[in-house]
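What follows is a single structure, written as structure tokens, with notes after it.
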């Protein structure tokens with residue numbers, strides 16, 4: 001058996017093989033410091049190592065303060081090797097739903113996200129779409145969204161995510177979920193969530209890489225949307241101690257992560273090493289050198305696929 | 306029996322005698338039109354008639370956009386005969402609770418309400434108090450309140466009322482309840498409500514006039530906070546079709562008003578006429594003239610008390 005040298009506090013999350021990985025972006029890949037994106041230590045390298053291992057990776061985010069293309073450019077600018085078709089935010093999925101159902105949205109979103117909704121019919125709205133509007137969550141804008149909803153016979157509210165809060169400049173700030181709750185309460189309705197932890201959203205991302213939930217790990221800093229949401233979908237959920245993480249998350253009354261790690265780098269260390277061990281233990285004929293050096297030869301690797 | 310000439314659609318709410326009345330203010334006594342208070346037609350006279358009948362009356366309001374003294378002056382300015390000790394808004398009750406429990410509030414309230422919290426220790430806050438802050442419900446202020454709460458071991462949120470919305474300039478606007486719901490969701494907590502529909506709040510108002518719930522009627526335009534809240538307390542709840550009233554309120558899934566009336570004037574008509582009938586039917590020895598003219602003689606009236 002290969003020596004793994006894992007920190008004793010870390011729970012193993014890949015005793016069963018992992019064949020695909022979903023990564024949250026904010027709080028896992030990067031933080032926002034003084035209004036600027038900063039890569040979390042070790043994360044750029046961790047993504048590189050994960051991709052180099054041949055593991056299919058998708059970036060599954062509830063980011064709604066910028067367009068998908070701008071988000072990808074920001075990630076590339078701080079060193080991440082990420083392409084647009086690997087990144088899944090809620091806005092494109094929402095546009096698809098609006099078109100399919102003939103919905104004309106009243107948008108309560110961040111101004112920087114508006115290009116993602118270009119071309120959507122917005123006159124005479126028959127639903128409200130909210131994202132993390134940040135400064136645009138003004139009293140006036142909240143009233144306008146409410147007035148649109150309350151005037152509808154059957155109010156439809158689509159919320160891009162339902163996060164409670166996130167970390168920005170080392171402070172926790174309210175996320176879209178709080179404002180979703182406000183509109184739900186005032187109108188006596190339940191919003192439809194597009195984005196994590198929606199099962200439909202997770203499954204659409206998995207289908208882009210033909211991955212099965214039971215073979216996939218989601219790594220995130222949101223104990224409920226990332227970890228709990230992934231687990232409800234049949235995936236394994238790994239919580240990082242970066243981003244919005246708070247020690248009390250480890251005693252969450254309803255969600256128990258499959259593993260809690262210091263950061264993405266540690267998650268990838270465990271994933272690659274233990275995954276390898278898992279491969280090795282099931283592969284007959286791997287050489288002694290292969291086992292000793294904790295590297296798997298190409299022949300053995302291919303046999304595991 | 307005295308002829309009552311009541312509109313057929315009106316349900317009787319005083320087949321049992323009524324000995325005290327609680328009146329909501331906004332949407333019952335007055336509306337806000339173009340930023341100014343305007344008495345609802347017939348309401349000034351209705352309050353006068355109610356008081357002239359000797360009926361104890363209290364004004365039970367969730368108003369938190371102004372101090373109690375300013376509220377009373379505004380009501381007086383548009384013709385209402387109201388004194389400060391008859392008006393019960395949530396702020397004075399909240400201050401009492403804060404003092405009793407040694408709480409130092411972070412205030413998320415309307416600037417015009419601040420004088421009612423003068424003298425309260427606000428440094429190093431150990432709770433958050435929210436009212437209908439209106440324009441002050443900014444993204445920044447909501448985040449500041451959230452950050453105070455989330456930093457506490459046991460977050461205490463006191464909400465002055467929990468209304469969903471109210472009518473202003475013929476538009477429905479979000480009330481404090483929506484923002485209470487936002488903070489509750491983000492922090493995973495339940496707020497304490499001071500004001501309607503809190504039972505403790507209703508009972509404190511009743512005790513100011515030594516009234517029993519079963520002998521008291523609450524008249525309001527909020528199907529949940531006014532009507533439902535009063536009924537849960539053992540009072541009768543009468544809904545007016547003024548203020549924030551919407552026709553769908555009459556099909557509310559949980560709250561069935563004891564009566565629905567067009568406005569306060571009609572509620573008082575019914576109250577005084579039917580109350581009289583109720584008195585007469587239980588009073589022995591009332592004169593024939595007394596019965597015929599639908600007025601009760603002083604002797605008979607006293608016997609009913």
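Chains as they are written, first to last, in the numbering used here: chain H, 1 to 305; chain C, 306 to 610. Positions of the beta carbon are idealized from the N, C-alpha and C atoms, including for glycine. Predicted model, so just to flag it, every value in this text is computed and none were measured.
> Mind checking residue 357 of chain C: buried by the 16 CB within 10 Å criterion, or exposed?
Replying inline: exposed
> First and last residue of the alpha helix (DSSP H) that includes residue 402 of chain C?
Replying inline: From DSSP, the alpha helix (DSSP H) with residue 402 of chain C extends over 395-406.
> chain H partners of residue 476 of chain C, CB-CB under 9 Å?
Replying inline: 143, 147
>> So residue 483 of chain C contacts chain H; which residues on that side make the cut at Cβ distance below 8 Å?
In response: 142, 146, 182, 183, 185, 186
> So with Cβ pairs under 8 Å, would you call residue 561 of chain C a contact of chain H?
Replying inline: no
>> Run through the DSSP bridge pairs and tell me what residue 413 of chain C is partnered with.
In response: BP columns for residue 413 of chain C point to C/435.
>> Below 8 Å on the Cβ atoms is my contact criterion, and I expect residue 479 of chain C with residue 143 of chain H to pass it. Report the Cβ-Cβ distance as a whole number of Å.
In response: 6 Å
>> With H, G and I counted as helix, E and B as strand and the rest as coil, what does DSSP make of residue 443 of chain C?
In response: coil
> residue 71 of chain H lies in the alpha helix (DSSP H); which residues open and close that run?
Replying inline: 68-77
> Can you list, in chain order, the residues of its chain whose CB lies under 6 Å from that of residue 567 of chain C, leaving out five sequence neighbours each side?
Replying inline: 546, listed in sequence order.
>> Strictly below 7 Å CB to CB, what residues from chain C border residue 134 of chain H?
In response: Correct list: 444.
>> Assuming residue 237 of chain H is part of the alpha helix (DSSP H), what are its boundary residues?
In response: Careful: residue 237 of chain H lies outside any alpha helix (DSSP H), inside the beta strand (DSSP E) at 236-240.
>> I'd like to know whether the C-beta atoms of residue 264 of chain H and residue 39 of chain H end up nearer to each other than 8 Å.
In response: no
> What residues in its chain sit with their C-beta under 7 Å from that of residue 58 of chain H, if we drop five residues either side in the sequence?
Replying inline: 22, 86, 88, 205, 208, 209
> residue 217 of chain H and residue 18 of chain H look like a contact to me (Cβ under 8 Å); what is the Cβ gap, rounded to whole Å?
Replying inline: 5 Å
>> Measuring CB atoms only, is the segment 419-426 of chain C touching the segment 526-543 of chain C, in the sense that at least three cross pairs come out at less than 8 Å?
In response: no
> Out of curiosity, what's the CA-to-CA distance linking residue 191 of chain H and residue 342 of chain C?
Replying inline: 35 Å
>> Quick check on residue 187 of chain H: does DSSP put it in helix, strand or coil?
In response: helix
>> Per the DSSP calculation, residue 36 of chain H is bridged to which residue(s)?
In response: H/33
>> Given this structure, state the Cα-to-Cα distance separating residue 15 of chain H from residue 133 of chain H, to the nearest angstrom.
In response: 40 Å
>> Which of the three DSSP states is assigned to residue 318 of chain H in this structure?
In response: One cannot answer for residue 318 of chain H here, as it falls past the ends of chain H, which runs 1 to 305.
> Under the DSSP definition of a beta bridge, which residues are partnered with residue 58 of chain H?
Replying inline: H/22
>> Using a Cβ-Cβ cutoff of less than 8 Å, which residues in the same chain neighbour residue 427 of chain C once the five nearest sequence positions on both sides are dropped?
In response: 409, 410, 411, 412
> What residues from the segment 497-527 of chain C come within 8 Å of chain H, judged by C-beta to C-beta, listed N to C?
Replying inline: none
> Relative to the C-alpha of residue 151 of chain H, which residue among C/456, C/552, C/418 is closest?
Replying inline: Out of C/456, C/552, C/418, C/552 has the C-alpha closest to the C-alpha of residue 151 of chain H.
> Under the three-state reduction of DSSP, which class applies to residue 220 of chain H: helix, strand or coil?
Replying inline: strand
> Given that a residue counts as buried once 16 or more other Cβ atoms are within 10 Å of its Cβ, and exposed if not, what is residue 406 of chain C?
Replying inline: exposed
> For residue 92 of chain H versus residue 62 of chain H, is the C-beta distance shorter than 8 Å?
Replying inline: no
> Shorter than 8 Å from the beta carbon of residue 455 of chain C to some beta carbon of chain H?
Replying inline: Using beta-carbon distances, residue 455 of chain C counts as an interface residue toward chain H, with a partner under 8 Å.
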